[in-house]
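Residue numbers (my numbering), protein chains in the order written: chain A, 2 to 174; chain B, 196 to 513. Let me begin by presenting the structure, written as structure tokens, before commenting on it.
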């Protein structure tokens with residue numbers, strides 16, 4: 002094993018463990034904070050694999066914006082210090098969730114190992130320039146389509162909130 | 196890179212991280228005092244109260260470290276560290292002069308922005324974990340403000356990266372030209388305003404408005420943990436000033452840059468830090484709605500316009 006293997010394993014184990022903690026904790030805000038650890042260590046995985054730009058963007062967008070938004074939303078609602086029982090789920094749902102999660106993991110691991118297991122791939126690229134060339138050359142149409150999709154959802158979100166705020170409007174939810 | 200080199204680099208960055216914020220803090224004491232017709236600290240250490248902040252540090256260390264009974268212990272205790280370490284990490288990639296940098300990262304601009312994005316979790320964690328309504332209000336204000344101002348800051352930084360054609364901080368300084376002072380000016384203004392807002396300093400100190408919500412997220416903190424938050428604020432000024440210098444003022448570029456590059460960086464960064472302190476004395480606090488209005492209706496459009504101008508310029512000239 003090389004140093005990179007060790008690093009990748011360590012970061013991956015932390016990512017998986019914090020992900021499990023994030024869904025099993027009884028503290029709502031702790032779940033969001035464990036999510037920070039998961040997303041941060043996932044960025045570490047990218048970094049070990051040589052994708053520096055993806056790792057940094059992961060931290061900037063997911064930790065810096067998405068989780069902060071989640072925390073903000075939690076603070077606006079009731080998020081008391083200490084375990085909150087009202088968000089607990091019943092035993093049936095827990096078992097079902099565990100089974101689905103285990104099934105997905107097994108399926109993904111099986112497919113990926115069967116398809117790519119044991120094959121060593123030489124990484125070239127991963128640099129910012131290489132990525133930009135690919136993204137704005139070969140993949141430019143999917144990229145632009147995604148941006149339109151995001152714009153549509155943004156406008157829709159604004160429209161929904163505006164319609165509900167207007168008391169004279171006939172459109173009510 | 197050998198182990199010894201890594202250790203030396205880390206120690207130097209840590210030393211800078213511990214010394215520069217104290218210098219900025221002392222400058223703030225004196226500059227604010229003189230702008231308000233006072234003298235400021237005069238006794239500690241003898242010469243014009245130079246040791247005032249050291250004395251403050253000793254005082255903070257002596258105080259009792261209180262964690263409120265209702266607080267979420269771990270999150271409450273971890274919050275100052277999250278704030279502080281983010282700026283330490285950011286400082287480590289900022290270049291002092293050509294080739295002199297803690298760690299040369301390829302995508303340095305993104306690295307600094309990402310590190311500071313993690314740092315904004317600190318006030319949020321503090322605000323929520325204190326189990327105090329003033330803290331929670333402050334935490335919410337901080338979250339809303341930091342989310343709004345991160346966007347214009349990233350836009351302004353992206354404009355500079357586009358103009359230089361690289362994400363590396365050293366690369367940006369090497370590509371810098373005095374003409375940038377003119378055509379990157381809107382971006383520079385946007386960045387400076389957003390930076391002060393990210394630091395939650397006056398006039399953007401709604402999150403810890405002391406006349407309204409005691410001290411916002413820091414209300415329940417005492418002793419060293421409170422001091423760490425204050426240190427994080429001043430370290431933030433250092434990081435933002437250096438980043439502004441590197442992005443918009445050409446870092447170490449200037450006469451005799453080969454020999455005096457480090458001095459140019461420090462002089463320019465000190466000037467920026469002085470302006471940040473000046474803001475605090477010159478302006479009253481913005482109200483929450485004014486604050487959001489400024490971010491979304493002024494800074495974001497300006498940042499987008501700057502990005503468009505830079506894009507057109509780069510396409511036309513290359």
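Built from N, CA and C at the ideal position, the CB exists for glycine as well.
Here residue 285/B is near residue 310/B, since their CB atoms are less than 8 Å apart. At a C-beta separation below 8 Å, residue 129/A has these neighbours in chain B: 301, 302 and 362.
Contact note: residue 313/B reaches chain A through 60, 64 and 65, using a C-beta cutoff of 7 Å and chain order. At a beta-carbon threshold of 9 Å, the residues of chain B lying near residue 69/A are 312, 315, 316, 319, 338, 341, 342 and 345, ordered along the chain. Shown here, residue 292/B sits in a strand according to DSSP, grouped into three states. Counting only the Cα atoms, residue 401/B lies some 21 Å from residue 71/A. No residue range can be given for residue 123/A, since it is assigned to no alpha helix (DSSP H) and is classified by DSSP as neither H nor E. Within the region 19-75 of chain A, complete alpha helix (DSSP H) segments of at least 4 residues are found at 29-49 and 53-59, given in chain order. When the alpha-carbon of residue 29/A is set against those of 82/A, 103/A and 108/A, the nearest one is in 82/A.
The region 335-350 of chain B and the region 444-461 of chain B do not touch, with fewer than 3 CB-CB distances between them shorter than 8 Å. Each residue's CA atom was taken as its position, placing residue 443/B and residue 112/A some 49 Å apart. At a cut-off of 8 Å between beta-carbon atoms, residue 151/A makes no contact with chain B. Not a single C-beta of chain A is nearer than 8 Å to the C-beta of residue 431/B. Counting along the chain, residue 336/B sits inside the alpha helix (DSSP H) bounded by residues 328-359.
If you ignore the 5 residues before and after residue 250/B, its C-beta comes within less than 7 Å of the C-beta of 239, all in its own chain and listed in chain order.
Judged by pairs of C-beta atoms under 8 Å, the region 294-308 of chain B touches the region 51-59 of chain A, as three or more such pairs exist. The C-beta separation of residue 319/B from residue 69/A comes to about 7 Å, placing the pair in contact by the 8 Å criterion.
Collapsing the DSSP output to three states places residue 245/B in coil. A straight line joining the alpha-carbon of residue 199/B with that of residue 3/A spans about 21 Å. With distances taken between CA atoms, residue 65/A lies nearest to 44/A out of 44/A, 77/A and 49/A. Annotated as distal: residue 41/A and residue 67/A, with beta-carbon spacing of 8 Å or more. Per DSSP, reduced to three states, the secondary structure at residue 237/B is coil, with no helix or strand assignment.
Chain-ordered, the chain B residues with CB closer than 7 Å to the CB of residue 57/A read 302, 305, 306 and 309.
Of all residues in the region 28-54 of chain A, those with a C-beta nearer than 9 Å to a C-beta of chain B are 28, 30, 31, 34, 37, 41, 44, 53 and 54, reading in chain order.
Along the region 84-97 of chain A, there is no position whose C-beta sits under 7 Å from a C-beta of chain B.
Residue 495/B is outside the set of residues whose beta carbon lies under 8 Å from a beta carbon in chain A. For the pair residue 296/B and residue 364/B, the Cα-to-Cα distance works out to about 10 Å.
Counting the other Cβ atoms within 10 Å of the Cβ of residue 372/B gives fewer than 16, which makes it exposed. The three-state secondary structure of residue 82/A, taken from DSSP, is coil.
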